[in-house]
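Residue numbering for the sequence shown follows the numbering used here, starting at 16 and increasing by one per position.
Here's the structure, in structure tokens; my notes come after.
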Amino acid sequence: MRYIRFVWLNLLLVVSAIIISGCSLQKPAKSTTKIQAVATTNFYGELEKAVLKDHGQVYSIIDSANVDPHEYDLTIKPTQKIKDSDLVLSNGVGYDTWVTKVTSKRHITVGEDIAHISPGANEHLWYRPDLMKKVTLKLAAEFSQIQPQHRAAFYANAKAYNQQLSQLTDLLATIKRHNQGGKVAVSEPVFDYALATMGYKVINQHFAQAIEEGTDPSYDDIAQLQADIRHHRIAFFVENTQSDAPVINQLVKLCHQYHVPVVQVTETVPAGKNYLSWMKDEFMQVRNIQKGID
């Protein structure tokens, strides 16, 4: 009987040692695993990279200015990346709904989850640098839940990146201080969030919405805008250079003819730029126009 007890005791000790050693081997592997993050566009991917640094890998589905997010369809590689990811960041509010076709472990939408706006609202949320600061903090919180051991690093990285974004919010504040209740016209509502922060009023929203929806603006809307340009009723015209609508090209020519400034913007990051330089270059176009007026 004593022999049997001795054998069982030794077996228990051996099994316990195996379990303990197995757990100790698994822990380091978990701590060194990089977070796999996916973003629908490269400017959101930039935010993920800024917060993760060396603790993660980021895959941006749309990484070219030549790809229209509205018309994009998922292919095999991005589909698998979404499935394998720890977190997916998308714009939401109808901009990149194709990403929801694939189930992911954790999905954040900037529009619904952070800005708390509903589908149908203006989808060009990246023209709100103040909102982008909230996105980085949200990412720090989410990444901290995935890897709590790196929480301090995630928040420090978010803070450092947000300090860079303060260049944009400060520039917007400067533009607003020098704005004397100006009115502007736009080709479509791409730049509207920035214009609102600057204190400008868009006077051709019906025209812009038609272009946004891919329909022809009414004759009255076109005639009114042409008159506003000829009579200098607007401080400047905002052109989305990625638009191929012939009526926009005609209006830009009219602006040049009547010496109305044109601010050129895009929906996606131009080649060779990052989010900060992209936004700063576009905002500075407005500031330079103001300097010419002051």
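Don't be surprised by glycine CBs; every beta carbon is placed ideally from N, CA and C.
Here the structure is a predicted model, which is why all the values come from computation and not from measurement.
What residue range does the alpha helix (DSSP H) around I244 cover? Your numbering for residue 244 matches position 229 in the sequence shown. Segment 234-245, the alpha helix (DSSP H) holding I244.
So Q312 and G71 are in contact, right, with Cβ under 8 Å, and what is the actual spacing, rounded? The structure shown does not extend to residue 312, since the chain is modelled only from 16 to 309, so the question has no answer here.
M294 to L183 span [Cα, whole Å]: Within the sequence shown, the letter at position 279 stands for residue 294. Within the sequence shown, the letter at position 168 stands for residue 183. Taken atom to atom, the span from the alpha-carbon of M294 to that of L183 is near 7 Å.
Rounded Cβ spacing between T55 and S105 (contact assumed at less than 8 Å): Numbered from its first residue, the sequence shown carries residue 55 at position 40. Numbered from its first residue, the sequence shown carries residue 105 at position 90. The pair is a contact, with the Cβ atoms about 4 Å apart (cut-off 8 Å).
Under a three-way DSSP split, which group does F298 fall into? Residue 298 sits at position 283 when you count from the first residue of the sequence shown. Three-state result, F298: helix.
Rank K149, S79, N81 by C-alpha distance to the C-alpha of W141 and give the top, closest one. Indexing the sequence shown from 1 puts residue 141 at position 126. Measuring from the Cα of W141, the nearest candidate turns out to be K149.
Check whether the Cβ atoms of K191 and M213 lie closer than 8 Å to each other. As a position in the sequence shown, residue 191 is number 176, starting the count at 1. As a position in the sequence shown, residue 213 is number 198, starting the count at 1. In contact: K191 and M213 (Cβ atoms closer than 8 Å).
If you measure between the beta carbons of E227 and P204, is that distance less than 8 Å? In the sequence shown, counting from the first residue as 1, residue 227 sits at position 212. In the sequence shown, counting from the first residue as 1, residue 204 sits at position 189. Contact: yes.
G214 in three-state terms, based on DSSP: As a working mapping, residue 214 is identified with position 199 in the sequence shown. Coil.
Three Cβ pairs or more, each shorter than 8 Å: is that satisfied between the segment 242-258 and the segment 272-284? yes
Provide the residue span of the alpha helix (DSSP H) that contains F158, from first to last. Residue mapping note: residue 158 aligns to position 143 of the sequence shown, counting from 1. Residues 144-161.
Residue from Q305, M299, V53 whose Cα sits closest to the Cα of D185: Position 170 of the sequence shown, counted from the start, is the residue given in the question as residue 185. Of the candidates Q305, M299, V53, the one whose C-alpha sits nearest the C-alpha of D185 is M299.
What are the residues that DSSP puts in a beta bridge with L104? Within the sequence shown, residue 104 is the residue found at index 89, counting from 1. Answer is A54, I123, bridged to L104.
Would you mind giving the Cβ-Cβ distance between I304 and P285, rounded to the nearest angstrom? I have them listed as a contact below 8 Å. Position 289 of the sequence shown holds residue 304. Position 270 of the sequence shown holds residue 285. Actually they are not in contact, since the Cβ atoms of I304 and P285 sit about 20 Å apart, beyond 8 Å.
Please list the terminal residues of the continuous alpha helix (DSSP H) segment that includes A188. Translated into the one-based positions of the sequence shown, residue 188 becomes position 173. Per DSSP, A188 belongs to the alpha helix (DSSP H) from 166-192.
Helix, strand or coil for P84, going by three-state DSSP, please let me know. Position 69 of the sequence shown, counting from 1, holds the residue named residue 84. It is helical.
Measuring CA to CA, which of D99, S133, I129, D128 is closest to V117? Translated into the one-based positions of the sequence shown, residue 117 becomes position 102. Looking at the Cα atoms, D99 is the closest of the given residues.
My output table needs one value for E254: the three-state DSSP class, helix, strand or coil. Taking the first residue of the sequence shown as position 1, residue 254 is located at position 239. Looking at E254 - three-state DSSP - the assignment turns out to be strand.
Pairwise C-alpha distance: H247 and S75: As a working mapping, residue 75 is identified with position 60 in the sequence shown. As a working mapping, residue 247 is identified with position 232 in the sequence shown. Those two C-alpha atoms are separated by around 42 Å.
T297 versus L146, V103, A209, residue with shortest Cα-Cα distance: Position 282 of the sequence shown, counting from 1, holds the residue named residue 297. Note that residue 297 corresponds to Glu in the displayed sequence, not to Thr. It is A209 whose Cα lies nearest to the Cα of E297.
Of all the options I218, V114, S181, T115, which has the alpha carbon lying nearest to the alpha carbon of R143? Taking the first residue of the sequence shown as position 1, residue 143 is located at position 128. Checking every option, the nearest Cα to that of R143 belongs to S181.
Quick check on the DSSP output: the alpha helix (DSSP H) that includes K198 runs from which residue to which? Counting from 1 along the sequence shown, the entry for residue 198 is found at position 183. No alpha helix (DSSP H) holds K198; the beta strand (DSSP E) holding it covers 198-201.
Can you look up A225 in the DSSP assignment and give me helix, strand or coil? The residue you call residue 225 lines up with position 210 of the sequence shown. Three-state result, A225: helix.
Please return the same chain residues whose Cβ sits closer than 8 Å to the Cβ of S36, not counting the five positions on each side in sequence. Position 21 of the sequence shown holds residue 36. Unreliable positioning characterises S36 in this predicted model, as indicated by a pLDDT of 48, which lies under 50. The coordinate reading is nonetheless provided below. Within the same chain, S36 has no close Cβ partners at all.
Assign S233 to one of two classes, buried (16 or more other C-beta atoms within 10 Å of its C-beta) or exposed (fewer than that). Working through the sequence shown from its first residue, we reach residue 233 at position 218. Flag for S233 reads exposed.
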